[in-house]
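Residue numbers (this note's numbering): 91 to 470.
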């Protein structure tokens with residue numbers, strides 16, 4: 091699954107990038123479609139295609155897959171004994187956590203600065219909590235009443251992230267439920283969840299242009315604008331998730347924006363905290379401008395084009411490790427995190443992305459050591 095997503099994502103991103111540049115029918119983020127020719131897009135995409143070749147070779151020759159051919163099975167492998175009190179405790183704790191973060195943000199900031207300079211819900215801890223929220227479905231999947239409670243609260247949390255934080259992470263709380271409805275062949279609720287998920291993402295993208303988003307009048311404007319310009323917003327969302335990644339790499343590479351050295355590279359991949367380093371790089375040098383980070387792919391290319399291909403090879407090794415995991419729960423966790431890193435590696439710095447690689451490695455070694463399988467009998 092990790093390999094398929096990476097392959098489709100890169101292919102679709104390049105194709106859409108060429109299409110939007112050629113047609114110029116829709117406005118892209120930062121007007122990228124106007125500053126590039128089709129030839130330039132194809133030229134810089136060629137680097138990514140060569141990188142993909144390294145991805146495939148690494149995936150093919152890494153190690154033998156041991157995954158069961160029977161695939162996912164909710165009623166078999168996904169059959170932990172429900173602990174409803176665990177579900178309720180974790181769910182209540184998550185809701186309290188986000189509401190507390192929201193209230194504290196309102197209390198200590200005011201006016202436009204509150205939204206413009208401070209995202210009260212978004213950080214690495216919040217993203218991890220959102221993943222936990224998504225996978226709560228596997229503790230209560232046999233209990234329709236609790237699934238309904240989970241659905242309502244997940245929708246609420248997704249809405250808060252879309253409205254208040256204008257965060258693309260708003261899709262995370264609903265990923266597990268979407269997967270559950272897909273595996274149970276519940277088409278109608280699955281489609282409803284998918285539509286709501288896309289709508290939250292669209293609200294998040296439109297809301298980024300509003301400085302005082304917490305105002306209910308602003309919410310009404312955001313929703314109205316989303317519905318009035320539905321096709322434009324939808325294309326904007328799709329392009330931001332796909333074609334923007336290729337545009338961003340081409341933009342940074344062509345205009346040699348930002349600065350990233352070997353020292354910055356080693357600093358970015360180490361798990362050591364900043365205070366353990368004698369010299370902390372200036373993060374502002376890792377940006378194209380105030381609004382756009384270089385992105386991990388652009389950073390490793392700046393170090394050396396060869397490092398770009400090595401990085402893609404590392405992604406292939408990681409994808410093979412994930413697809414070879416025999417425990418379906420651990421594999422699904424790892425796939426979701428891997429999907430995040432695939433998008434993030436084009437749009438966020440390597441220092442921010444690399445933490446998720448350690449999380450995938452932890453899941454892999456826990457699964458290989460049998461810890462996850464044994465813990466299922468007791469924890470859930």
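C-beta atoms are modelled at their ideal positions from N, C-alpha and C, and glycine is treated no differently. This structure is a prediction, so every number in the text was calculated from the model and none was measured.
Rank 270, 299, 368 by C-alpha distance to the C-alpha of residue 233 and give the top, closest one. 270
Residues in its own chain within less than 8 angstroms of residue 421 by CB, not counting five upstream and five downstream? 91, 157, 412, 413, 415, 457
Can you give the beta carbon distance from residue 262 to residue 283, rounded, assuming they're within the 8 angstroms contact cut? At roughly 13 angstroms, the Cβ-Cβ gap does not stay under 8 angstroms, so residue 262 and residue 283 are not in contact.
Over what stretch of residues does the alpha helix (DSSP H) that includes residue 341 continue unbroken? 333–344
Residue from 280, 254, 274, 277 with nearest C-alpha to residue 290: 254
Could you name the residues of the same chain whose beta carbon sits closer than 6 angstroms to that of residue 114, not counting the 5 residues immediately before and after it, in chain order? 123
For residue 336, does the count of other Cβ atoms within 10 angstroms reach 16, so buried, or fall short, so exposed? buried
The ligand FAD and residue 371: does any heavy atom of the ligand fall closer than 8 angstroms to the residue's C-beta? The ligand FAD is not part of this structure, which contains no ligands at all.
Report the option in 230, 132, 251, 136 whose CA atom is closest to the CA atom of residue 191. 251
Short of 7 angstroms in beta carbon distance, which residues of its chain neighbour residue 244, apart from the five on each side in sequence? Order them along the chain. 223, 263, 264, 267
Buried or exposed by the 16-neighbour rule on C-beta atoms within 10 Å, applied to residue 149: buried
Can you have a look at residue 350 and say buried or exposed, based on whether 16 or more other CB atoms are within 10 angstroms of its CB? buried
Looking at the structure shown, is residue 275 part of a helix, part of a strand, or coil, going by DSSP? coil
Does the stretch 444–451 touch the stretch 424–436, meaning 3 or more C-beta pairs lie closer than 8 angstroms? yes
Under 9 angstroms between C-beta atoms of residue 424 and residue 401: no
Separation of residue 218 from residue 403, as counted between CA atoms: 26 angstroms
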